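Read the structure below first, then the notes.
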Amino acid sequence: MDINNVAVIGAGTMGAGIAQICAQRGWNTRLFDTYESSLKNAIININTFWNKGVSLGKNDKEQVNKWSNNLEIYTDISKAVFAADLVIEAVPEKMSLKKEIFLKLDKLTTAETLLATNTSSLSISEIANVTNNPGRVIGMHFFNPVPIMKLLEIIRHDKCTEKTIRAAESIGSELGKTTILVNDFPGFATSRLGVVLGNEAIRMLSEGVASASDIDTAMMLGYKHPIGPLELTDLVGLDVRRDILNNLAESLADDSYLPHPLLNKLVNDGELGSKTSMGIYDWSNGVKSDRNDL
Numbered sequence: 043m044d045i046n047n048v049a050v051i052g053a054g055t056m057g058a059g060i061a062q063i064c065a066q067r068g069w070n071t072r073l074f075d076t077y078e079s080s081l082k083n084a085i086i087n088i089n090t091f092w093n094k095g096v097s098l099g100k101n102d103k104e105q106v107n108k109w110s111n112n113l114e115i116y117t118d119i120s121k122a123v124f125a126a127d128l129v130i131e132a133v134p135e136k137m138s139l140k141k142e143i144f145l146k147l148d149k150l151t152t153a154e155t156l157l158a159t160n161t162s163s164l165s166i167s168e169i170a171n172v173t174n175n176p177g178r179v180i181g182m183h184f185f186n187p188v189p190i191m192k193l194l195e196i197i198r199h200d201k202c203t204e205k206t207i208r209a210a211e212s213i214g215s216e217l218g219k220t221t222i223l224v225n226d227f228p229g230f231a232t233s234r235l236g237v238v239l240g241n242e243a244i245r246m247l248s249e250g251v252a253s254a255s256d257i258d259t260a261m262m263l264g265y266k267h268p269i270g271p272l273e274l275t276d277l278v279g280l281d282v283r284r285d286i287l288n289n290l291a292e293s294l295a296d297d298s299y300l301p302h303p304l305l306n307k308l309v310n311d312g313e314l315g316s317k318t319s320m321g322i323y324d325w326s327n328g329v330k331s332d333r334n335d336l
């Protein structure tokens, strides 16, 4: 599949990261969000990443200028997706919101446009079935931080065409990702395992088994995880992890997936992880440190 124009819907952490790597690939990339403030923050974060690369000698200013020219921001979704070859939705994990967006995308794009959702747990089939052509809809689950993480989880549903699957795999390869193909099942392969591990780590923290940093170190050194489950939860967002767990509990009719009360408390208190400077760890000084009040 030839890609020239890409639209990314949602300028949060994931949407910004996806837009960044698409721009780096050389594709004309349009990042859409209803909030100008979100778009401005996304551009700031992308430029910070690129400029850090310059300081580390990983890229140069000429490359950054070229990448920046490939990236545009929009608050009008119709303009953002006009003539797009690929649209990747990356809005919060709320089924009603995703359905609303895909209803719009179905009307605003041509039948040849590949429509992808970055959902980490919601049913791809349910999202696809609001469109008139569900065969062109697929799950493309990226991982945070998108520019660094090599995995791309591709999720097929029962109406997804082989052409769409092959195109998604090709796009992943073009973006430098290793792809895995999984079936449309609650939590897919990665989220189901990841959130359960994170939820159990939170339970251990609340029970006083060990500090957050020691639990994370145990998994990094004992099981060769590149990052501990508690730090990862903070980076992904406690609200995101909570929503995934609730979705799994409902979809699988299994209360063992329900988020631990400590996770619910932190989310209700607005302590969502690194993005709010406070979560399982204290990030207020830009460096994570153990909290004494959990």
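The numbering used here applies: residue 43 is where the sequence shown begins, and numbers increase by one.
Where a beta carbon is used, it is the ideal one built from N, C-alpha and C, also for glycine.
None of the values given here were measured: they were computed from a predicted structure.
In the structure shown, the three-state DSSP call for R333 is coil. Note: N70 is bridge-paired with N47 in the DSSP secondary-structure output.
Under DSSP, no beta-bridge partner is assigned to R208. In the DSSP annotation of this structure, E135 is not part of any alpha helix (DSSP H), being labelled neither H nor E. As for any alpha helix (DSSP H) of minimum length 4 sitting wholly inside the segment 231-283, the runs are 232-248, 254-265, 271-278, ordered along the chain. Around the C-beta of T76, fewer than 16 other C-beta atoms lie within 10 Å, and the residue is accordingly described as exposed. When DSSP states are grouped into helix, strand and coil, D285 belongs to the helix group.
Here DSSP, grouped into helix, strand and coil, assigns G315 to strand. Here T55 carries a helix assignment [DSSP, helix/strand/coil].
By alpha-carbon distance to S138, the top candidate from L164, D281, E154 is L164. Per DSSP, E114 lies in no alpha helix (DSSP H) segment; the continuous beta strand (DSSP E) that holds it begins and ends at 113-116. Annotated three-state conformation of L223 is strand, per DSSP.
In its chain, beyond the 5 residues on either side, G59, Q62, I63, F91 have a beta carbon closer than 7 Å to the beta carbon of P189. When rounded, the separation of the alpha-carbon atoms in A49 and R283 is 26 Å.
Listed as beta-bridge partners of G181 by DSSP are T159, I197.
Closest option to G52, judged by alpha-carbon separation, among E78, N289, A65: E78. Membership of K192 in any alpha helix (DSSP H) is not indicated, and neither H nor E is assigned to it by DSSP.
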